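Okay, so here's the structure we're looking at.
Number of protein chains: 6
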Amino acid sequence: MFLRVDKLQIELPAPLRADPNAGAALQELLGGKYGEMSTLNNYLFQSFNFRSKSKLKPFYSLVAAITAEELGHVELVSNGVAMLNNGPDLVGADEEDGGDISGAPYEAMKDIRLAGAFSSNAGGAMPMNSNGASWNMDFVTTTGNVIVDLLHNFHLECGARLHKLRVYETLTDPTGREVCGYLLVRGSVHAHAYALAIKNLTGVEIEKMLPTPNIPLGNIPECQKYLDEGSHRRLYTFSPDDYKDIAGIWGQGEMALPDDPAGELEVIEGMPDGGKIQQLTGVPSAFTPDYAPEEMMEIAAKLYKASR
Amino acid sequence: MFLRVDKLQIELPAPLRADPNAGAALQELLGGKYGEMSTLNNYLFQSFNFRSKSKLKPFYSLVAAITAEELGHVELVSNGVAMLNNGPDLVGADEEDGGDISGAPYEAMKDIRLAGAFSSNAGGAMPMNSNGASWNMDFVTTTGNVIVDLLHNFHLECGARLHKLRVYETLTDPTGREVCGYLLVRGSVHAHAYALAIKNLTGVEIEKMLPTPNIPLGNIPECQKYLDEGSHRRLYTFSPDDYKDIAGIWGQGEMALPDDPAGELEVIEGMPDGGKIQQLTGVPSAFTPDYAPEEMMEIAAKLYKASR
Amino acid sequence: MFLRVDKLQIELPAPLRADPNAGAALQELLGGKYGEMSTLNNYLFQSFNFRSKSKLKPFYSLVAAITAEELGHVELVSNGVAMLNNGPDLVGADEEDGGDISGAPYEAMKDIRLAGAFSSNAGGAMPMNSNGASWNMDFVTTTGNVIVDLLHNFHLECGARLHKLRVYETLTDPTGREVCGYLLVRGSVHAHAYALAIKNLTGVEIEKMLPTPNIPLGNIPECQKYLDEGSHRRLYTFSPDDYKDIAGIWGQGEMALPDDPAGELEVIEGMPDGGKIQQLTGVPSAFTPDYAPEEMMEIAAKLYKASR
Amino acid sequence: MFLRVDKLQIELPAPLRADPNAGAALQELLGGKYGEMSTLNNYLFQSFNFRSKSKLKPFYSLVAAITAEELGHVELVSNGVAMLNNGPDLVGADEEDGGDISGAPYEAMKDIRLAGAFSSNAGGAMPMNSNGASWNMDFVTTTGNVIVDLLHNFHLECGARLHKLRVYETLTDPTGREVCGYLLVRGSVHAHAYALAIKNLTGVEIEKMLPTPNIPLGNIPECQKYLDEGSHRRLYTFSPDDYKDIAGIWGQGEMALPDDPAGELEVIEGMPDGGKIQQLTGVPSAFTPDYAPEEMMEIAAKLYKASR
Amino acid sequence: MFLRVDKLQIELPAPLRADPNAGAALQELLGGKYGEMSTLNNYLFQSFNFRSKSKLKPFYSLVAAITAEELGHVELVSNGVAMLNNGPDLVGADEEDGGDISGAPYEAMKDIRLAGAFSSNAGGAMPMNSNGASWNMDFVTTTGNVIVDLLHNFHLECGARLHKLRVYETLTDPTGREVCGYLLVRGSVHAHAYALAIKNLTGVEIEKMLPTPNIPLGNIPECQKYLDEGSHRRLYTFSPDDYKDIAGIWGQGEMALPDDPAGELEVIEGMPDGGKIQQLTGVPSAFTPDYAPEEMMEIAAKLYKASR
Amino acid sequence: MFLRVDKLQIELPAPLRADPNAGAALQELLGGKYGEMSTLNNYLFQSFNFRSKSKLKPFYSLVAAITAEELGHVELVSNGVAMLNNGPDLVGADEEDGGDISGAPYEAMKDIRLAGAFSSNAGGAMPMNSNGASWNMDFVTTTGNVIVDLLHNFHLECGARLHKLRVYETLTDPTGREVCGYLLVRGSVHAHAYALAIKNLTGVEIEKMLPTPNIPLGNIPECQKYLDEGSHRRLYTFSPDDYKDIAGIWGQGEMALPDDPAGELEVIEGMPDGGKIQQLTGVPSAFTPDYAPEEMMEIAAKLYKASR
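Residue numbers (my numbering), protein chains in the order written: chain C, 18 to 325; chain D, 18 to 325; chain W, 18 to 325; chain G, 18 to 325; chain B, 18 to 325; chain A, 18 to 325.
Printed below as a string of structure tokens:
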């Protein structure tokens, strides 16, 4: 089972302006081969299909716990995409009707890279890559063989790191850069964790390949505060009570990677503090939440009050 | 953010025997147009892309909270698929090596409906439908318009109910039938909830179309215990602390549907008790968790002990 | 614009029994690369995109008129698929409710080749091939170059003839065989027509490649009555008033192919007489048209009466 | 069976200039999830697969008749796309050869949003969406259950209305705006018709949700002449003789929606007057209809003459 | 550039009988995620996109040379699929016409797992997996980063080994088993080679994870003769003159894996001796090479003679 | 079996500058319906699935030999794409680390037509078309019927010629124009060869349709040097020793097409001289071959030396 908490894993800075092409670029990290939908669903289905769970408990727990974090990554990137597509929240802009729409108010949307993102989704995120192609099961490996699955996951996190670095290099807006910076730190943790799992099972010190690409996290300014907090040394259980035995793999005297701030690896029970989610203020002229939303908002306010 | 709990929403009865074609049939409820991957991702992306969240709080909360339940449904169906594909847990069967594999031990797998489910996934679940086609974003509607999205969701739950009924009619094994029975009750709750949301916003008493198809839940024996518990009247927040304002929609004196056991609708904070997850015992001759897993299991036991 | 007539191009004999695998085989002629959805959409989009229509009128009319016939072929194959999947009409079987459905009444559907055809479509036809893969635009060629498009169409009809022959060879049921027999005759007309168009434009006597595969229509018993009627010499305008100038291509003294019954080619204004469409009697236990359809039928009867 | 008439449902104004990105935007209404290929094929396959046709005649006729109109919508949008991609007809421009093509005459086509639309289709329409993704069967619902199918159709028309509004807001060219204006009126008729069908069967006054999004048609200048004609109150049989019993649903004293010009709903036997189709003048330098088409045109003229 | 040699890498034993489901199972090794189309195209595009080729010559050569071998693997599996689908060559069976085809001679083909493989391909191989889904670019990783690409390739070969083992376990026919046996040996070589490349670049002894799954090649009887020949120690340049510098990686005193017959790794310039390709005798009743092929064969004989 | 030679079929001129949209346009000739992946895989699978090979030897050899040339075309276009995406080789640019990447050095990549080509492939070629859609098996025809397959191939080469012409018209950079010029000549040879094969088998002089589109090769300046060399009259065996009997079809007194420089057709044993492959210099700031590649290059140099 899964529980939901109405927060993002970090609070994202507001975008400076709407930039649908930046939103489209960030989609690569959501629905691409090495995007968050891929990491999520690989681990999700591997955890469902995991064999002999009790006898391999710490390995099962590792995949299961990281799954929950990845779902939060899907959420984080999706929020980033929608924020970049729509620009900063404009307080009160959603309280009138959409006015006269006959003058092609969205002419500019015809020339953005993924025009369908406006006409079908009003700038919302979708499980697709930066070229508009859908995420699909061809990106999922779940063989039931523990070594093959873990090796796949290790390679997946390395590939994801590369793609995050490249998307980061295309973005100037603080929203998208923060998404990349945070995910680079967390993705490094996952690569490290899968490496340790493989090392435990095979004796191969595969974590010595890290970081790949061979650029230290410290070179990315947006990673710095997370390194300062020690995020690179922390693996969360993302569970009220379960998966604590991941400490059998992440811990046991294992240390941070040599290029990163030194320190011992540690398991944190539960989740990070998180940050608030943006409003994504409606735009009545684009029919979000509707053309004339005032009555809808009144109804909502009344229902909310009734629920208290 | 999301948290994970190492339980299923209900405990599933063990399958009587491996029946990969039954597992394949159940895949329709996982990756089909009206399957759980579709309900999950529709609500997941709608919640990410929801506009003017504060001003429309109970509607946002409704979509957000049901998302978390749907992820548990994906988990439940996936577990059901893997159980039907693999048969009952055989204690200790995973403690030896796979022996002599040269005699075509899996010849029968060549004739099952989805042979790739064996060769690539060892009978594990995948985000695909019963014909082996991948789930993809063409099944996702997230327009940013609240009425269109809610209407879509209402239709989606009705379609999902129909498909669940038909899959139920093809299954004799208790595992698959229990999955269908439980999901029929919970899907009816979701259809009802979206209907009430629409009624609040538009005044149209769309819940009077329910149930559709027009067969009462009481006609399905596997639904009975859930009706007895009142599951059809309960909507969970699936959150430690959030989304309680769904009571503005699910509650307020609204009653169970006329065909179902009478009573008032109620919001339950948190989640159901849930049930334990099957082991899915490994089969070394199929290389799950590996051909010769004994050492792997010893290592896991040692790591587990170290983590306590 | 298009008009619809509530008839099939021919009346299909009732199937002897339900045979979902036969229905699935016939799907190849509906949604496959060389199926009717492909011929339809190639000609449909070519006619939309046709350049310099007036100056190339007979060629434009040829593509436009055949499009309308192909839509009827899509209809014919679809009806055939649904009939084979569902078996003969059972008068009155749809007038009660679905009864007790708890005994897995459709267990057999779990083992048919395309189980989703039952659970999602209740045995209805879908735009997919015999392996369950969707028809899509990769099967469409519309280049705007008249020679390339006509050559493509000629090849398409030859490929379609081959595939029809092979599907015919797999079917024993009269419904499916009649579909194949009729379409083999009509497809041969289309191949011949495109060949004559190419000959007019290039001087190449490409019709001399026909028939390909080199089996005469006369070898297929189900083709015989259509040959007797002269169907192989007739091209219909499938229009109330337009496209008569296809006689510039199909006619002008051109004769039937040497292997077929002799005679001059002729254009028929309008459409064939056609035959009636089967009822496809509902099956309440499969929720078609619904679980308890009596009231629905009463309402329909009342509305029908009111409309007269 | 289907007949074809060599007219569009309305005459489209010539585009001011070629604007391939506008053409690409309009593709969303052709091949997108809520585009005309989707409405067409949903109703087409539902009509093929309709159960107990006689006993549910007005409902069957409704789906069958609207199918024929939708095919005309596919035609209308496709023509609009090709016109926007290619610009206004240039009389005589197709009567010479393509001249010297060595100077990269189509360099600009490398930077349009969907470059393949030029290289493969010479600006012709294709069954794809605005991001270049193919239409496919995942957009088709045909369950055989009348309520689920009608509810799906109602939701589909509402979603289609939203997408048409957004595409309209991106277009400045009169061709594309006229396409949207007309389709908004006709789509509203279809949403209304499915709502009445549902109301008849379930008693739920679902038409009270209309219009959704909640912007009146009167706010769109391009809709005005169609409202003035009463198009919003008319449902056509699109058949020489059949489907007249749709008057059991569309009529019976039912009135236009409150926001639209008042009046009773009426069924029109047959089709609208329609308008002429553009020539889409060939461009020899782009090899349409060919590089040196003069001889081709002479041949066509001769064949045309021979056909009279 | 590439050259072709009219031989298979090994000679395959004739199949005992036609078994289309066995052919379909083998398709997983052709078009699946871990099939030969995937290994081929990963290495093909990586070699095209390889950066700084001269400065990284042995690594470039490794990928480039293995590409050529993989193309031969695609050929080998394809031949195996076609052989299993069609059964043993029947001398002279293709010299008459197809006779009377009206008695449903291929009724059995309606019930095979992938019926389209008969109707569209006459039992020929296609770039699809065992469930009939197409190979596509989602299976290709080519990042331009040498470490990520090599790590991907190492994981790919391990996954491919697992899938080959499972397919092997489903097959009883000698043709399919020989394909698997040979490819298991060659795939092990490629996994080993990529491991050595990674070790050279990173110092990580990743080859110590091999074999994975942890079953020795010696347990597969069909591998034995290739082990006896030393195939597991040989890497071919598959080139008349190039790629010899792969000896910098495969060689240098590196030894066979501990579970396999001992010996030093060696580079072989050129290719293996190979074996002859089956005739795949035509079946005129299935229209291969045609319904009445005698004249075609006479023409071919004449042309062949003229070419000498 | 296949051998690889470390050369391109021709040497490509260096691009003037990086132009990712030009690279994207060229992708249409790689992964489009009529692109090189399509010609390659059609002929590859047809050759694998060819029936009665000995008795139809020259026809088998024709398809088999052209396959090998097409693989070189895939290589040529892929190299062209990568060169256009990346710009000219910069000597030594790959010898330092990527420096400070925090200033969004690739901001421009966010606005290119296929942004994923940068983030996932660093400008490398992929088996996709110019709109970013994957190549897939829907583009493959392999029926086992010789006439249908040859006719398909003839149409394919004509369509490919049209698409090459249009892509040529969009490109100003010499790299892309050279690719098109060369392929136009070679594609014409293949169309001619398939036409002769058909003529031999059917007596239809289908080569008289050539060239289609009806523009002579001589109108394309980039074709001139290949015409001067007589490339349009030459068919290579692309084999050390096999396929020489294609001279039964390509030869026998057949002459060049009337619009092209006169002369007899001739078979060349082996392959063309070919030209060298570009380095595609790495860009450390884009992590190709890595962020800090110096050590990698030292290792490679050492291994290379060891291999001599």
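Ideal Cβ placement from N, Cα and C applies to all residues, glycine included.
All values derive from a computational prediction rather than experimental measurement.
Item to check | CB contact below 7 Å: Ala42(G) versus chain C | outcome: Answer yes: the Cβ-Cβ gap between Ala42(G) and chain C drops below 7 Å somewhere.
Checklist entry - Closest to Asn231(B) by CA distance: which of Tyr308(D), Ile129(D), Tyr77(D) is it? => result Of Tyr308(D), Ile129(D), Tyr77(D), the smallest CA-CA separation from Asn231(B) is found for Tyr308(D).
Item to check | Own chain partners of Gly268(D) with C-beta closer than 8 Å, once the 5 adjacent residues on each side are dropped | outcome: Excluding positions up to five away in sequence, the list reads Glu281, Leu282, Glu283, Val284.
Checklist entry - The alpha helix (DSSP H) spanning Arg194(D) covers which residue range? => result Note, Arg194(D): alpha helix (DSSP H), 191-219.
Item to check | With 16 other Cβ atoms within 10 Å as the buried cut-off, status of Gly52(W) | outcome: With a 10 Å radius around the Cβ and a threshold of 16 neighbouring Cβ atoms, Gly52(W) comes out buried.
Checklist entry - For the 8 Å Cβ check, are there 3 or more pairs between the stretch 183-203 of chain A and the stretch 239-252 of chain A? => result Because the criterion of three Cβ pairs below 8 Å is met, the stretch 183-203 of chain A and the stretch 239-252 of chain A touch.
Checklist entry - Below 7 Å between beta carbons: does that hold for Ala39(W) and Asp190(W)? => result Taking C-beta atoms as the reference points, Ala39(W) and Asp190(W) count as a pair closer than 7 Å.
Item to check | Cβ contact (3+ pairs, closer than 8 Å) linking the stretch 135-149 of chain G and the stretch 128-142 of chain C | outcome: Yes: at least three Cβ pairs fall under 8 Å.
Next on the checklist: Could you check whether the Cβ of Ser95(B) sits closer than 7 Å to any Cβ belonging to chain D?
Outcome noted: For Ser95(B), the answer is no, since every Cβ of chain D falls outside 7 Å of its Cβ.
Checklist entry - So, is Gly335(G) buried or exposed, given that buried needs 16 or more other C-beta atoms within 10 angstroms? => result As displayed, chain G neither begins before 18 nor continues past 325, which places residue 335(G) out of reach and without an answer.
Next on the checklist: In this structure, how does DSSP classify Val80(A) when only helix, strand and coil are distinguished?
Outcome noted: Helix.
Item to check | Inter-residue spacing [alpha-carbon to alpha-carbon] between Phe65(W) and Thr219(D) | outcome: Here the alpha carbons of Thr219(D) and Phe65(W) stand approximately 41 Å from one another.
Checklist entry - Using a beta-carbon distance below 7 Å, is Gly149(G) in contact with chain W? => result No, no contact with chain W.
Checklist entry - Taking DSSP as the reference, what is the three-state secondary structure of Asn291(W)? => result Sequence check: residue 291(W) is Gly here, not Asn. Correct three-state label for Gly291(W): coil.
Checklist entry - Whose C-beta lies closer than 7 Å to the C-beta of Ala212(D) among residues of the same chain, with five residues either side of it excluded? => result For Ala212(D), where only same-chain residues beyond five positions count, the Cβ hits under 7 Å are Phe171, Ile223, Glu224, Leu227.
Checklist entry - Looking at the structure shown, is Tyr253(C) part of a helix, part of a strand, or coil, going by DSSP? => result Assigned with DSSP and collapsed to three states, Tyr253(C) falls in strand.
Next on the checklist: Helix, strand or coil, according to DSSP, for Arg326(D) in the structure here?
Outcome noted: Outside the shown range of chain D (18 to 325) lies residue 326(D), about which nothing can therefore be said.
Checklist entry - the stretch 174-201 of chain W: which residues have C-beta closer than 9 Å to a C-beta of chain G, in chain order? => result Residues passing the 9 Å Cβ filter: none.
Item to check | Contact belief for Thr56(W) with Glu87(W) at Cβ below 8 Å, rounded distance in angstroms | outcome: Contact between Thr56(W) and Glu87(W) holds: CB atoms are separated by about 5 Å, below the 8 Å threshold.
Next on the checklist: Please classify Val157(G) as buried or exposed, where buried requires at least 16 neighbouring CB atoms within 10 angstroms.
Outcome noted: When all chains shown are included, Val157(G) counts as buried.
Checklist entry - Of the choices Ala303(W), Lys319(W), Pro289(W), Met314(W), whose alpha-carbon is the least far from that of Ile27(W)? => result Each of Ala303(W), Lys319(W), Pro289(W), Met314(W) was checked against the Cα of Ile27(W), and the nearest Cα belongs to Pro289(W).
Checklist entry - Under 7 Å, do Phe19(W) and Arg21(G) count as touching if we go by C-beta distance? => result Between Phe19(W) and Arg21(G), the C-beta gap is smaller than 7 Å, which places the two residues in contact.
Item to check | Selection from Arg68(C), Ala85(C), Ala42(C) that minimises the alpha carbon distance to Asp128(A) | outcome: The residue with the shortest Cα to Cα distance from Asp128(A) is Ala42(C).
Checklist entry - What is the C-beta distance between Val94(B) and Leu47(B), in whole angstroms, given that I count them as a contact (C-beta under 8 Å)? => result Indeed, because the Cβ distance is near 5 Å, the residues count as touching under 8 Å.
Next on the checklist: By alpha-carbon positions, which one of Gly120(B), Glu286(B), Phe67(B), Pro75(B) ends up nearest to Asn103(A)?
Outcome noted: The shortest C-alpha separation from Asn103(A) is found at Phe67(B).
Checklist entry - For Gly126(D), is the classification buried or exposed, using 16 other Cβ atoms within 10 angstroms of its Cβ as the cut-off for buried? => result In the sequence as displayed, the identity of residue 126(D) is Met instead of Gly. Met126(D) is buried by the Cβ-count criterion.
Next on the checklist: If you reduce the DSSP assignment to three classes, tell me which class Phe19(D) lands in.
Outcome noted: If DSSP states are grouped into helix, strand and coil, Phe19(D) belongs with the strands.
Item to check | Residues bridged to Ile285(A) [DSSP beta-bridge criterion] | outcome: Per the DSSP secondary-structure output, Ile285(A) pairs in a beta bridge with Tyr253(A).
Next on the checklist: If distances are taken between C-alpha atoms only, which option among Asp259(A), Pro275(A), Gly235(A) comes closest to His209(A)?
Outcome noted: Ranking the options by Cα distance to His209(A), first place goes to Pro275(A).
Checklist entry - Along the chain, where does the alpha helix (DSSP H) that runs through Asp245(A) open and close? => result Going by DSSP, Asp245(A) is part of the alpha helix (DSSP H) stretching over 241-246.
Checklist entry - Who does Leu25(C) pair with in a DSSP beta bridge? => result Here Leu25(C) is bridged, per DSSP, to Gly292(C).
Checklist entry - Relative to the C-alpha of Thr326(B), which residue among Thr160(A), Gly97(A), Ala279(A) is closest? => result Nothing in the structure corresponds to residue 326(B), since chain B is present only between 18 and 325.
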